[in-house]
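Participant: Just dropping this structure here.
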Amino acid sequence: MPLRRMLFLVLCFFLSMAHAQEELSGDPRILSIEPVLSEGWLNVDAEVHLPLSDELRYSAERGVTLYFTADIEITKPRSWWFDKEIIKTQKTWRVVYNALTRQWRIGTGELSLPEASLDDALSLVRHIRHWAVVPSAELATGELYTGRMRVRLDTSLLARPFRVHAINSSAWSLSTPWKDFSFSISDAELPR
19 MPLRRMLFLV
29 LCFFLSMAHA
39 QEELSGDPRI
49 LSIEPVLSEG
59 WLNVDAEVHL
69 PLSDELRYSA
79 ERGVTLYFTA
89 DIEITKPRSW
99 WFDKEIIKTQ
109 KTWRVVYNAL
119 TRQWRIGTGE
129 LSLPEASLDD
139 ALSLVRHIRH
149 WAVVPSAELA
159 TGELYTGRMR
169 VRLDTSLLAR
179 PFRVHAINSS
189 AWSLSTPWKD
199 FSFSISDAEL
209 PR
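Letter by letter, the sequence shown follows residues 19 to 210 of the numbering used here.
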């Protein structure tokens, strides 16, 4: 292979790597949403790009509990009236570092799981799997449903002194924009 061609390929490789890194370090956003019927429920799987600022990482490493909330709304469009709201729900994850045990924990409700690092703990928020949002009995076959979803740092659940700081700092206003999606259900997908 000629040297000029090899240098060109190496340059293209490094430029594509720089572009991919730039894409990953951008603003928070939802990359994909996949509604799936399973075990009598409509489950949502989602991929979220959620980069943390240095200030948020520093605070989390000092033991400040971070709360991340995913909001989802599903409606059925109607031409003669307002859209019919099927479900409006949310799920909140709690990420905390215990300095005594040097362990990260992530949890929803009473359940809490140990993780090795902050990024490992955030993987549950960044890769949402099997979130049961609505029973399939409430959904009609052949109808078009629309939805939207976002993930945000929920500063309303922070301890009071941190809430004041969060209001005044842009580093604490971490939120993805709403991402729209649509789906319909066929007879074959419904359980018998």
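By construction, the Cβ of each residue, glycine as well, lies at the ideal position given by its N, Cα and C atoms.
The model shown is predicted, which means the values in this text are computed figures rather than measured ones.
#1: Hey, out of Leu140, Trp99, Lys109, Glu57, whose CA is closest to Leu175's CA?
#2: Taking the alpha carbon of Ile203 as the point to measure from, which residue in Ala158, Thr164, Trp122 has its own alpha carbon closest?
#3: Just to confirm my understanding: we take Asp138, look at its own chain, exclude 5 residues before and 5 after, and list those with CB closer than 8 angstroms. What are they?
#4: Taking the alpha-carbon positions, what's the Asn116 to Ala150 distance?
#5: Taking the Cβ atom as the reference point for each residue, do Ile90 and Val66 lie within a distance shorter than 8 angstroms?
#6: Nearest-angstrom Cα distance between Val114 and Val169?
#7: Evaluate the contact criterion for the region 133-147 versus the region 55-72: three or more CB pairs, one atom per stretch, below 8 angstroms.
#8: Could you check the C-alpha separation between Ser188 and Glu128 for me, to the nearest Å?
#9: Let me know the beta strand (DSSP E) ranges lying completely inside the region 145-210, each 3 residues or longer, listed in chain order.
#10: Can you list, in chain order, the residues of its chain with a C-beta nearer than 8 angstroms to that of Trp196? Leave out the 5 residues immediately preceding and following it.
#11: Taking DSSP as the reference, what is the three-state secondary structure of Ala78?
#12: Within 8 angstroms of any Cβ in chain B, is that where the Cβ of Ile90 sits?
#13: Using CA coordinates, which residue listed in Ile51, Gly58, Ser141, Arg80 is at the minimum distance from Glu156?
#14: Would you list, in sequence order, the uninterrupted beta strand (DSSP E) runs of no fewer than 3 residues that lie entirely inside the region 73-117?
#15: Quick one: residues in its chain with C-beta nearer than 8 angstroms to the C-beta of Leu68, no 5 flanking neighbours on either side, listed in chain order?
#16: Could you spell out where the beta strand (DSSP E) holding Arg123 opens and where it closes?
#17: Out of Arg75, Asp72, Leu118, Ile92, point me to the one whose CA is closest to Leu162's CA.
#18: Tell me whether Asp138 sits in a helix, a strand or coil according to DSSP, three-state version.
#19: Does the separation of the CB atoms of Pro53 and Phe180 fall below 8 angstroms?
#20: Compute the beta-carbon to beta-carbon distance between Arg80 and Leu136, rounded to the nearest angstrom, for a pair I have assumed lies under 8 angstroms.
Facilitator: Per the coordinate set shown:
#1: Within the sequence shown, the letter at position 157 stands for residue 175. Minimum Cα distance to Leu175 is reached at Lys109.
#2: The residue given as residue 203 occupies position 185 in the sequence shown. Of Ala158, Thr164, Trp122, the residue nearest in Cα terms is Ala158.
#3: The residue you call residue 138 lines up with position 120 of the sequence shown. Contacts found: Trp122.
#4: The sequence position of residue 116 within the sequence shown is 98, counting from 1. The sequence position of residue 150 within the sequence shown is 132, counting from 1. Distance between the alpha carbons of Asn116 and Ala150: 30 angstroms.
#5: Within the sequence shown, numbered from 1, the residue matching residue 90 stands at position 72. Within the sequence shown, numbered from 1, the residue matching residue 66 stands at position 48. Not closer than 8 angstroms, so no.
#6: Translated into positions along the sequence shown, residue 114 becomes position 96. Translated into positions along the sequence shown, residue 169 becomes position 151. When rounded, the distance between both Cα atoms is 18 angstroms.
#7: yes
#8: As a position in the sequence shown, residue 188 is number 170, starting the count at 1. As a position in the sequence shown, residue 128 is number 110, starting the count at 1. If I take the Cα positions, the gap works out to 30 angstroms.
#9: 145-153, 162-171, 197-202
#10: Start at 1 with the first residue of the sequence shown, and residue 196 comes out as number 178. Arg166, Met167, Arg168.
#11: Position 60 of the sequence shown, counting from 1, holds the residue named residue 78. Looking at Ala78 - three-state DSSP - the assignment turns out to be helix.
#12: Of the protein chains in the structure, only one exists, and it is not chain B.
#13: If you number the sequence shown from 1, residue 156 lands on position 138. Out of Ile51, Gly58, Ser141, Arg80, Gly58 has the C-alpha closest to the C-alpha of Glu156.
#14: 84-94, 102-116
#15: Stepping through the sequence shown from its first residue, residue 68 is reached at position 50. Here the set comprises Pro46, Phe86, Leu140, Val143, Arg144, Val169, Leu192, Thr194.
#16: Walking along the sequence shown from the start, residue 123 turns up at place 105. Element bounds for Arg123: 121-126.
#17: Within the sequence shown, residue 162 is the residue found at index 144, counting from 1. For the residues Arg75, Asp72, Leu118, Ile92, the minimum Cα distance to Leu162 belongs to Ile92.
#18: For the purposes of this step, residue 138 is taken as residue 120 along the sequence shown, with counting starting at 1. Reduced to three states, the DSSP call for Asp138 is helix.
#19: Against the sequence shown, residue 53 aligns to sequence position 35. Against the sequence shown, residue 180 aligns to sequence position 162. Not closer than 8 angstroms, so no.
#20: Counting from one through the sequence shown, the residue named residue 80 turns up at place 62. Counting from one through the sequence shown, the residue named residue 136 turns up at place 118. Not quite, the Cβ-Cβ distance comes to about 12 angstroms (not below 8 angstroms), so this is no contact.
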